[in-house]
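Participant: Residue numbers (this note's numbering): 79 to 975.
Glycine is no exception: its CB is placed at the ideal position from the N, C-alpha and C atoms.
Treat the numbers as computed from the prediction; the structure is a model and nothing was measured.
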DNA sequence: CAGTGAGCGAGCTTCCGCTTGACTT
């Protein structure tokens, strides 16, 4: 029987809507986007592969035409949708009503190609039965201008990311990335760290005491702080700048007290009596917070439940899928009418009618580029379940409770109260007139605060904090119960946490609700930042990358770039601007704007070394930090004063703002960093230590300080079976005994056994032979060694490794095709050409046809260039690098664990 | 950055935004 096919974005949504629409409708989901630009080389369609712009998947030479592909993991789902469409007599595209949703609808239409049936675009902003039914009855057309705006966004991001990332691969490190969102997120963290590094603290003093209002007062003892001296206000933290100096606006207007003056004043105020100079009372009023959207949920879950953004999102996802809450990726704070009704009902039930405002509260979005395709995040349904009624447990319970409380509180009355400031003073023995100040807040009606109080960052006072003051009048007399001088220091700006960085990004219109958590994931994965507790600390490589981008792509990494892009996209969506000319300006440039493509091509020589060099303690300190392939290290003068001749590693987990000049000198003085002392060599008496170096862990001996400069300590890499954690002095001495002289051959040439970068081996002059085990280094006899040398040299790995698979003759060359394991992975060869297997190939599934195809592709590129020796060496070095980096990561991970 | 010798095929990395499972540890 024919049905109407409705396609939404999310499977959970499909289930709910199917219930509302009932018989005659089949509701399925697209599961997000169904097509995209090719993500990697393997996905690029053959016909554009050889085009100069093929790697973008966008024809930048002809109207920025995108080439979309259905990703592998979406193919079976598309087949399913096509099957459902066959039996459908109408198609409703019911994806979200925002830029991305409109694009998904168009992609569905373009890919499904429905024939001879009506197609409707159906939209709704809340999932309630009346809203869905109204949406079915009032469909509209696809908004192609909105689709164009989405394509512009998509193509711009692709060009940005895929043009700029390779610049980083060449100049900083392979595998790095740049993008419209991640690069600005990284920059925020780096800029904040730079502020912390430049920060100079200021110290200032004041007086704090508790004062006695006399018996008969309901609140007899209360705290107060010194406010002014002879009518000049006493300096407080906010009067100082980041440079540790008084701000210009405060100079001459405040009294900056030091310890001596503060203590003298305490002395001079001994035993005096104070009179109340003024009492100022103001009404206090506070309105509830808006219901949750993605960012505010992430912030509160972080503050109150200690959840990371990604944990918050996956717990919320489970709540959503099981019907406990509405959709969790939203920028809207709007509640549906039925939700407002449900919230008000719960207010009445749980707190009573006096907590219920007469009219429902309506929250307008504070987010500038909000697309409002969904409701706020709230308990699902027309009536809310209390947390206890849900039967949930653990994280899900706590997150639901948070969402429920916030939603209910958002429909409660304002909190009301009174705030009071009391000033009182006395003349000190020094003749100075000292005035103290005390502020209090009393809440007379808690309103929404009874249900929900927002958490705070930086120990700020929460909204329900109260300080009670005695009821005083001008002229009343007071005495001090205690009084002391109190020293303070200004603090550097705090590092971002996941939640505060996301908040900052949202305020700058950067990123979307569905990506906030993954932005954090990206900059963590790239190694641009790492977490120290909850704080995000930038790694030094982030300084290099941010410097390159700010110097060469200032517009792209500016904090305003995305906001500007959003304006353009709005104009495209509104039909006021043209997609192609906007992209052309972005990519090729115009009178106003430097284009991305000429910028990248005209970069010229970026001095990679300079890019990675940062002075420590000012430009002329003689010490700088370098970001090297093996991590950050310092360079400073050696003992003879030779510039930058001495080096020292900087620990990976030392935050940049803790690398002071003093710390740098300390590291340079003890460059070995972490070394494990194993004991003394019984023969030489020298201390033997184990360290981690660029070629991995090794042991060495510590030469006495008076040793001649030419003396070199013995060193030896650890065997693969050893580790720094478990190595003993005995092992170390064995390693240091290498190379071992095995004997001399008939011609008198010495044969030695030693451990090298490819493992244990024998060496006779320049002729070397690998050994099979490390034990042999110590046990092999001269006869055995000579026997090995009597054999011809084993060449390469090919001899050791037989072919993994044989596939018969190649149709072109007629030579047998065999699969081998190589340094770069598995490859198929016909003896002349070698073709690496692609990501999706496997040895098991490789057919002779596919092998021939790979070889044909390879052959089309021409004969292999005779590998120059240089290239080989470079490749080998690269390999070592990767290994070293991997080890480092492991070590770091182990440390964290 | 500690220094220790051979042999060998390139191809890929990367963006942002919409969605879930399917994987492994």
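Helix, strand or coil for residue 727 per DSSP?
Facilitator: Taking the first chain and counting its residues from 1, the one referred to as residue 727 is at position 649. DSSP places residue 727 in strand when its eight states are reduced to three.
Participant: Can you tell me the Cβ-Cβ gap for residue 264 and residue 594, rounded? I've got them flagged as a contact below 8 Å.
Facilitator: Position 186 of the first chain holds residue 264. Position 516 of the first chain holds residue 594. Not really, about 15 Å apart at Cβ, beyond 8 Å.
Participant: Do residue 323 and residue 421 have their C-beta atoms closer together than 8 Å?
Facilitator: The sequence position of residue 323 within the first chain is 245, counting from 1. The sequence position of residue 421 within the first chain is 343, counting from 1. No, the Cβ-Cβ distance between residue 323 and residue 421 is not below 8 Å.
Participant: Identify which residue in 717, 261, 101 and 122 has its Cα closest to the Cα of residue 579.
Facilitator: What you label residue 579 is simply residue 501 of the first chain in a count that begins at 1. Cα-wise, what sits closest to residue 579 is 261.
Participant: For residue 832, list the residues DSSP reports as bridge partners.
Facilitator: Within the first chain, the letter at position 754 stands for residue 832. Residue 832 is bridged to 839.
Participant: Using 8 Å for Cβ pairs, my map puts residue 217 next to residue 198. What's the rounded Cβ distance?
Facilitator: By 1-based counting over the first chain, the position of residue 217 is 139. By 1-based counting over the first chain, the position of residue 198 is 120. Residue 217 to residue 198, Cβ: 3 Å. Contact.
Participant: Is residue 478 helix, strand or coil when you go by DSSP?
Facilitator: Mapped onto the first chain, residue 478 falls at position 400. DSSP places residue 478 in helix when its eight states are reduced to three.
Participant: Where in the stretch 375-404 do unbroken runs of the alpha helix (DSSP H), each at least 4 residues long, occur, reported from the N-terminal end onward?
Facilitator: Here the runs fully enclosed are 387-399.
Participant: Taking the runs of the alpha helix (DSSP H) that are 4 residues or longer, which of them lie wholly in the stretch 403-457?
Facilitator: Qualifying alpha helix (DSSP H) stretches, in chain order: 415-429.
Participant: Roughly how far, in whole angstroms, is the beta-carbon of residue 313 from the beta-carbon of residue 515, given that I think they are within contact range, below 8 Å?
Facilitator: By one-based count along the first chain, residue 313 stands at place 235. By one-based count along the first chain, residue 515 stands at place 437. So it is not a contact: roughly 14 Å between Cβ atoms.
Participant: What's the C-alpha gap between residue 38 and residue 418?
Facilitator: Any property of residue 38 remains undetermined from this structure, which presents the chain solely from 79 to 975.
Participant: Where does residue 166 fall in DSSP's three states?
Facilitator: Mapped onto the first chain, residue 166 falls at position 88. DSSP places residue 166 in strand when its eight states are reduced to three.
Participant: Work out the CA separation of residue 538 and residue 568 for me, nearest whole Å.
Facilitator: Here residue 568 corresponds to residue number 490 of the first chain, with the count starting at 1. Here residue 538 corresponds to residue number 460 of the first chain, with the count starting at 1. Cα to Cα, the separation comes out at about 15 Å.
Participant: Looking at residue 604: is its Cβ nearer than 8 Å to the Cβ of residue 254?
Facilitator: Residue numbering aside, residue 604 sits at position 526 when the first chain is read from its first letter. Residue numbering aside, residue 254 sits at position 176 when the first chain is read from its first letter. Closer than 8 Å, so yes.
Participant: List the DSSP bridge partners of residue 641.
Facilitator: Working through the first chain from its first residue, we reach residue 641 at position 563. Its beta-bridge partners do not exist; DSSP assigns none.
Participant: Taking just the CA atoms, how far does residue 472 sit from residue 165?
Facilitator: Looking up residue 165 in the first chain gives position 87. Looking up residue 472 in the first chain gives position 394. Taking the straight line from one Cα to the other gives about 44 Å.
Participant: Applying the criterion that 16 or more other CB atoms from any shown protein chain within 10 Å of the CB defines a buried residue, is residue 393 buried or exposed?
Facilitator: In the first chain, the residue the question calls residue 393 occupies position 315. Buried, because 16 or more other Cβ atoms sit within 10 Å of the Cβ of residue 393.
Participant: When DSSP builds the beta bridges, which residues end up paired with residue 565?
Facilitator: As a first step, residue 565 is located in the first chain; it is residue number 487 there, counting from the start. Note: residue 565 sits in a beta bridge opposite 283.
Participant: Consult DSSP for residue 893 and reduce its assignment to one of helix, strand or coil.
Facilitator: In the first chain, counting from the first residue as 1, residue 893 sits at position 815. Reduced to three states, the DSSP call for residue 893 is coil.
Participant: Residues in the same chain with beta-carbon distance under 7 Å from residue 270, minus the five sequence neighbours each way, listed in chain order, please.
Facilitator: On the first chain, position 192 is the one that residue 270 refers to. Hits under 7 Å: 571, 573 and 574.
Participant: Among 807, 785, 846 and 815, which one has its Cα closest to the Cα of residue 985?
Facilitator: No information on residue 985 is available, as it lies outside the stretch 79 to 975 that the chain covers here.
Participant: Helix, strand or coil for residue 95? Go by DSSP, reduced to three states.
Facilitator: For the purposes of this step, residue 95 is identified with residue 17 of the first chain, where counting begins at 1. Helix, per DSSP.
Participant: Quickly, what does DSSP pair residue 289 with across the bridge? List them, please.
Facilitator: Counting from 1 along the first chain, the entry for residue 289 is found at position 211. In the DSSP output, where bridge partners are listed per residue, residue 289 has 300 and 558.
Participant: Going by C-alpha distance, which of 684, 923, 387 and 746 is nearest residue 710?
Facilitator: The residue you call residue 710 lines up with position 632 of the first chain. Looking at the Cα atoms, 746 is the closest of the given residues.
Participant: How would you label residue 140, buried or exposed, when you count the other beta carbons within 10 angstroms and need 16 or more for buried?
Facilitator: One-based indexing of the first chain puts residue 140 at position 62. It is exposed - the Cβ of residue 140 has fewer than 16 other Cβ atoms within 10 Å.
Participant: Since residue 366 contacts residue 413 with CB under 8 Å, what's their CB separation in whole angstroms?
Facilitator: Here the question's residue 366 lines up with position 288 in the first chain. Here the question's residue 413 lines up with position 335 in the first chain. Actually they do not touch by this definition, with Cβ atoms about 12 Å apart.
Participant: Where does residue 597 sit, in a helix, a strand or coil, going by DSSP?
Facilitator: Counting from one through the first chain, the residue named residue 597 turns up at place 519. Here residue 597 sits in helix by DSSP.
Participant: If we call anything under 8 Å between Cβ atoms a contact, is residue 112 one with residue 82?
Facilitator: Here the question's residue 112 lines up with position 34 in the first chain. Here the question's residue 82 lines up with position 4 in the first chain. Result no, Cβ atoms of residue 112 and residue 82 do not sit closer than 8 Å.
Participant: Find the nearest neighbour of residue 630 within the set 646, 391, 851 and 677, judged by alpha-carbon distance.
Facilitator: Position 552 of the first chain holds residue 630. Among 646, 391, 851 and 677, the Cα nearest to that of residue 630 is on 677.
Participant: Helix, strand or coil: which one does DSSP assign to residue 953?
Facilitator: Working through the first chain from its first residue, we reach residue 953 at position 875. Only weak support exists for where residue 953 lies, its pLDDT of 34 falling under 50; the coordinates are left without a value.
Participant: Report back the beta-carbon spacing between residue 172 and residue 84 to the nearest angstrom; my notes put them in contact at under 8 Å.
Facilitator: The residue labelled residue 172 in the question sits at position 94 within the first chain. The residue labelled residue 84 in the question sits at position 6 within the first chain. 5 Å between Cβ atoms; contact.
Participant: Can you list, in chain order, the residues of its chain whose CB lies under 7 Å from that of residue 935, leaving out five sequence neighbours each side?
Facilitator: Here residue 935 refers to the residue found at position 857 of the first chain. The residues are 913.
Participant: Taking residue 183 as the reference, which of 732, 352, 106 and 257 has the closest Cα?
Facilitator: The count along the first chain starts at 1 and reaches residue 183 at position 105. Checked all of 732, 352, 106 and 257; the closest Cα to residue 183 is 106.
Participant: Excluding the 5 residues preceding and the 5 following residue 501 in the sequence, name in chain order all residues of the same chain whose CB lies nearer than 6 Å to its CB.
Facilitator: Sequence index remark: in the first chain, residue 501 carries index 423 (1-based). Closer than 6 Å at Cβ, skipping near neighbours: 355, 356, 513 and 515.
Participant: When the Cα of residue 22 is compared with those of 180, 920, 923 and 361, which residue comes out closest?
Facilitator: Residue 22 is absent from the structure shown; the chain starts at 79 and stops at 975.
Participant: What three-state label does DSSP hand residue 530 in the structure shown?
Facilitator: Taking the first chain and counting its residues from 1, one reaches residue 530 at position 452. Looking at residue 530 - three-state DSSP - the assignment turns out to be coil, as it is neither helix nor strand.
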